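In what follows, a structure is listed as structure tokens, so that the remarks can point back to it.
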Amino acid sequence: MLISIYLIAITAEAMSGALAAGRRNMDMFGVALIAFVTALGGGTVRDMLLGNYPINWTQHPGYIYITVSAGLFTMVIARYMRRLHQLFLVLDSLGLIAFTIIGCEVALKLDYEIPVVIMAGLITGIFGGILRDILCNRTPQVLRHELYASVSLVVALLYLYMQHKHVHHDTSLLAAFSVGLALRMSAIRWRWSLPVFSYDPARWDD
Amino acid sequence: MLISIYLIAITAEAMSGALAAGRRNMDMFGVALIAFVTALGGGTVRDMLLGNYPINWTQHPGYIYITVSAGLFTMVIARYMRRLHQLFLVLDSLGLIAFTIIGCEVALKLDYEIPVVIMAGLITGIFGGILRDILCNRTPQVLRHELYASVSLVVALLYLYMQHKHVHHDTSLLAAFSVGLALRMSAIRWRWSLPVFSYDPARWDD
Amino acid sequence: MLISIYLIAITAEAMSGALAAGRRNMDMFGVALIAFVTALGGGTVRDMLLGNYPINWTQHPGYIYITVSAGLFTMVIARYMRRLHQLFLVLDSLGLIAFTIIGCEVALKLDYEIPVVIMAGLITGIFGGILRDILCNRTPQVLRHELYASVSLVVALLYLYMQHKHVHHDTSLLAAFSVGLALRMSAIRWRWSLPVFSYDPARWDD
Chain A
1 MLISIYLIAI TAEAMSGALA AGRRNMDMFG VALIAFVTAL GGGTVRDMLL GNYPINWTQH
61 PGYIYITVSA GLFTMVIARY MRRLHQLFLV LDSLGLIAFT IIGCEVALKL DYEIPVVIMA
121 GLITGIFGGI LRDILCNRTP QVLRHELYAS VSLVVALLYL YMQHKHVHHD TSLLAAFSVG
181 LALRMSAIRW RWSLPVFSYD PARWDD
Chain B
1 MLISIYLIAI TAEAMSGALA AGRRNMDMFG VALIAFVTAL GGGTVRDMLL GNYPINWTQH
61 PGYIYITVSA GLFTMVIARY MRRLHQLFLV LDSLGLIAFT IIGCEVALKL DYEIPVVIMA
121 GLITGIFGGI LRDILCNRTP QVLRHELYAS VSLVVALLYL YMQHKHVHHD TSLLAAFSVG
181 LALRMSAIRW RWSLPVFSYD PARWDD
Chain C
1 MLISIYLIAI TAEAMSGALA AGRRNMDMFG VALIAFVTAL GGGTVRDMLL GNYPINWTQH
61 PGYIYITVSA GLFTMVIARY MRRLHQLFLV LDSLGLIAFT IIGCEVALKL DYEIPVVIMA
121 GLITGIFGGI LRDILCNRTP QVLRHELYAS VSLVVALLYL YMQHKHVHHD TSLLAAFSVG
181 LALRMSAIRW RWSLPVFSYD PARWDD
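Each protein sequence line maps, in turn, to chains A, B and C. Be aware that the first sequence starts at 1, since it is given in full-length UniProt numbering, and climbs by one per residue. Be aware that the second sequence starts at 1, since it is given in full-length UniProt numbering, and climbs by one per residue. Be aware that the third sequence starts at 1, since it is given in full-length UniProt numbering, and climbs by one per residue.
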């Protein structure tokens with residue numbers, strides 16, 4: 001199940017990368033590259049930080065084709081994205097949750113300590129979007145908007161707690177996806193957000 | 001031959017990095033660092049992605065001197081860059097082609113599959129320029145302008161096809177450089193470009 | 001001694017990351033993440049470049065807690081930062097010097113050649129701040145302002161020279177910290193800076 005959701009996840013992330021590239025008027029090549037980086041960048045950064053070589057996508061060239069195709073396909077269907085907006089948000093959230101769990105599992109298998117495992121989950125979940133925004137020269141949205149990164153953190157903590165309590169793996173997955181999706185959708189629906197830190201050195205200092 | 005062209009390539013890339021730093025009014029140190037990153041960053045990212053340690057330039061400290069010197073030297077001759085513009089474009093294109101071929105060769109030697117080999121060529125070719133633009137806080141030019149990244153892709157495909165067909169190595173190099181240079185120069189001359197994806201969420205959606 | 005200064009250093013760097021995040025109105029999560037990246041990013045990039053796995057902070061989860069806490073704590077005391085400004089600059093300089101020396105030591109232990117050792121010191125010293133500025137979508141300040149990166153270079157050269165001359169380790173540290181701090185404070189006090197390269201292609205060329 002996690003594999004099918006992973007494939008949906010990289011497709012959704014690739015599409016979000018393509019849309020961001022389109023806002024910067026990039027050419028087809030830029031769209032394809034940013035789709036690829038958005039979808040696979042989080043896992044790549046995780047593998048590089050954990051020394052987990054060879055890096056995942058280099059062993060599954062199919063992922064390159066999927067993300068590049070999803071990016072280029074987004075150019076064609078961009079005009080219908082408004083109608084698909086709700087669906088897109090759900091897929092994107094499923095992606096965030098799947099990435100987070102996979103990131104935790106990779107770090108667990110490598111015997112890292114729990115705080116590092118949580119960081120690995122978070123990084124897998126959110127760094128694709130951060131790299132997308134860096135490449136598109138904008139401040140990373142996941143660090144500013146709604147409960148995006150926080151959902152990743154909650155999912156990681158919940159999943160690890162259930163693993164620790166030896167809850168059956170499928171049950172853990174189901175619980176993590178349910179809670180994560182409910183939290184994310186509620187945050188979007190009712191505009192929940194974390195406290196924002198606004199630091200204006202002109203008002204206070206430098 | 002590839003080595004001499006590589007040295008020309010890192011010099012040209014270092015100079016392009018220095019010019020970009022100059023547009024951001026950086027100090028000597030910033031100029032030197034961005035020259036270094038622009039010239040050697042593509043190969044560094046490739047080596048980190050492929051797990052190809054030790055990273056190339058750490059075994060050839062001379063490359064540090066060359067790129068830093070080229071960057072600082074560019075500060076001195078900046079006022080003559082207009083007259084050298086055509087020459088500079090040729091050197092930059094030679095660099096792109098050389099980087100691409102070297103990137104493919106490194107990944108081939110490590111037995112990666114063909115799609116990964118092509119990605120390695122592309123990344124070596126274009127990521128120096130992408131890192132340069134990220135450090136200078138601008139949207140990566142190679143993802144927007146003319147056939148830059150596409151030249152890298154064509155060169156990678158052509159070179160790998162000829163390797164596959166057991167064409168003599170020197171012949172492959174000559175063909176890859178000729179086709180790549182002709183394509184890049186034509187693209188600049190006649191302003192060829194790939195289709196651009198302009199996504200305006202205000203017009204369609206978000 | 002280096003360890004205690006290191007802990008002060010990552011705290012000061014985390015706080016500078018949090019302040020930069022506050023200028024971009026990031027939420028608590030963004031503040032915590034950027035604090036973490038600013039404090040530990042330089043060492044992380046160094047370890048990835050040198051192939052020095054496992055990466056330092058993954059073996060010391062306490063560093064994650066320290067930097068995240070320092071970041072969040074900064075949100076609380078932001079209004080008093082003006083009064084703490086001088087102290088903050090001293091801590092930040094101590095951090096720069098400590099990071100530089102530690103970076104050199106790591107590369108020395110791995111038997112890299114001297115130019116690479118110097119690069120490792122510089123990268124450890126300044127890349128946290130560069131990553132902070134990339135994540136906050138601004139041109140890296142360390143490449144533009146005062147003698148920041150240059151202090152790192154002077155400290156690296158001085159420290160390596162003394163190591164080469166078999167000066168006692170404590171004496172080397174004391175000298176490196178004294179010279180580095182004096183240089184940095186003087187640069188701030190009298191606004192010393194390196195020559196700036198301003199390249200305006202409209203005036204000259206492109």
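For every residue, glycine included, the Cβ atom is placed at its ideal position computed from N, Cα and C. Here the structure is a predicted model, which is why all the values come from computation and not from measurement.
{"Item": "What does a CB cutoff of less than 8 Å around threonine 58(A) pick up in its chain, not counting 5 residues either side in sequence?", "Value": "none"}
{"Item": "Flag alanine 9(A) as yes if its beta-carbon sits less than 7 Å from any beta-carbon of chain E, otherwise no.", "Value": "Given the protein chain composition of this structure (A, B and C), no chain E is represented."}
{"Item": "Below 8 Å, can you find three or more Cβ-Cβ pairs linking the segment 13–26 of chain A to the segment 103–111 of chain A?", "Value": "no"}
{"Item": "Is DSSP giving aspartate 206(A) helix, strand or coil here?", "Value": "Residue placement at aspartate 206(A) is flagged as unreliable, the pLDDT there being 42, under the threshold of 50; a coordinate-derived value is accordingly withheld."}
{"Item": "Does DSSP classify valine 196(B) as helix, strand or coil?", "Value": "strand"}
{"Item": "Hey, serine 198(B) and asparagine 25(A): beta-carbon distance below 7 Å or not?", "Value": "yes"}
{"Item": "Quick test of your reading: alanine 149(B) and valine 142(B), contact by CB under 8 Å. State the CB separation rounded to the nearest angstrom.", "Value": "5 Å"}
{"Item": "I want to see whether chain B comes within less than 7 Å of alanine 35(A), judged by CB atoms only; does it?", "Value": "no"}
{"Item": "For aspartate 47(A) and chain B, any beta-carbon pair shorter than 7 Å?", "Value": "no"}
{"Item": "On the three-state DSSP scale, how would you describe tyrosine 111(A)?", "Value": "In the sequence as presented, tyrosine is not what sits at residue 111(A); that position holds aspartate. Note: aspartate 111(A) maps to coil in three-state DSSP."}
{"Item": "Counting only Cβ pairs nearer than 9 Å, list the residues of chain A close to arginine 82(B).", "Value": "Those within 9 Å of arginine 82(B) in chain A number zero; the least Cβ separation is about 27 Å."}
{"Item": "Which residues in the same chain as serine 186(C) place their Cβ atom closer than 6 Å to its Cβ, once the five residues preceding and following it in sequence are excluded?", "Value": "none"}
{"Item": "Among the residues of its own chain, which have a CB less than 8 Å from the CB of glycine 22(C), if the five just before and after it don't count?", "Value": "Val31, Thr74, Met75, Ala78"}
{"Item": "Taking asparagine 56(A) as the query, report the chain B residues whose CB atoms sit under 9 Å from its CB, ordered along the chain.", "Value": "Residues of chain B passing the Cβ test: none, with the nearest at roughly 11 Å."}
{"Item": "Hey, is asparagine 52(A)'s beta-carbon within less than 7 Å of any beta-carbon in chain B?", "Value": "no"}
{"Item": "Could you confirm whether any beta carbon from chain B is found closer than 7 Å to the beta carbon of leucine 140(A)?", "Value": "As written in the sequence, residue 140(A) is proline, which differs from the leucine given in the question. Chain B contact via Cβ: absent."}
{"Item": "Does any residue of chain C have a CB that is nearer than 7 Å to the CB of leucine 131(A)?", "Value": "no"}
{"Item": "Give the DSSP bridge partners of methionine 26(C), in chain order.", "Value": "The partner list for methionine 26(C) (beta bridge, DSSP) is empty, contrary to what the question assumes."}
{"Item": "Taking the C-alpha atoms as reference points, what is the distance between isoleucine 134(C) and methionine 162(B)?", "Value": "40 Å"}
{"Item": "When the Cα atoms are used, what is the spatial distance from leucine 84(A) to threonine 44(B)?", "Value": "39 Å"}
{"Item": "Using a Cβ-Cβ distance cut-off of 7 Å, determine whether isoleucine 66(B) contacts chain A.", "Value": "no"}
{"Item": "When you compare each of Phe36(A), Lys109(A), Ser4(A) to leucine 122(B) by their alpha carbons, which one comes out closest?", "Value": "Phe36(A)"}
{"Item": "Starting from the N-terminal side, write out each stretch of the alpha helix (DSSP H) that is 4 residues or longer and does not extend beyond the UniProt domain \"Glycine transporter\" (90–163) of chain A.", "Value": "114–135"}
{"Item": "Taking the alpha-carbon of threonine 124(C) as reference, which of Val151(C), Leu7(C), Asp170(C), Gly41(C) has the nearest alpha-carbon?", "Value": "Gly41(C)"}
{"Item": "By Cβ distance, which residues of its chain are closer than 7 Å to aspartate 205(A), with the 5 residues on each side in sequence left out?", "Value": "Its pLDDT being 43, under 50, aspartate 205(A) is placed unreliably in this model, and the value from its coordinates should be taken loosely. The answer is none, since no qualifying residue turns up."}
{"Item": "Rounded to whole angstroms, what is the Cα-Cα separation between glycine 95(C) and histidine 164(C)?", "Value": "23 Å"}
{"Item": "Under three-state DSSP, which class holds arginine 83(C)?", "Value": "coil"}
{"Item": "Hey, does methionine 15(A) have any beta-carbon neighbour from chain B nearer than 7 Å?", "Value": "no"}
{"Item": "Between isoleucine 123(B) and chain C, is the shortest Cβ-Cβ distance under 7 Å, so that the two count as touching?", "Value": "no"}
{"Item": "Figure out for me which residue from Asp27(B), Met48(B), Met119(B) has the closest Cα to the Cα of valine 68(A).", "Value": "Met119(B)"}
{"Item": "List, in chain order, every chain C residue whose beta-carbon is nearer than 7 Å to that of methionine 75(B).", "Value": "Phe197"}
{"Item": "Is there a Cβ of chain B sitting closer than 7 Å to that of aspartate 205(A), yes or no?", "Value": "Because the pLDDT of aspartate 205(A) is 43, which lies under 50, any placement of that residue in the model is unreliable, and the question is left without a value."}
{"Item": "Between alanine 78(B) and chain C, is any beta-carbon pair separated by less than 7 Å?", "Value": "yes"}
{"Item": "Let me know if valine 93(C) comes out buried or exposed under the rule of 16 or more other beta-carbons within 10 Å of its beta-carbon.", "Value": "One point to set straight first is that residue 93(C) is serine, not valine, in the sequence displayed. Buried, because 16 or more other Cβ atoms sit within 10 Å of the Cβ of serine 93(C)."}
{"Item": "Sort Leu147(A), Asp27(A), Ile97(A) by Cα distance to methionine 1(A) and report the nearest one.", "Value": "Ile97(A)"}
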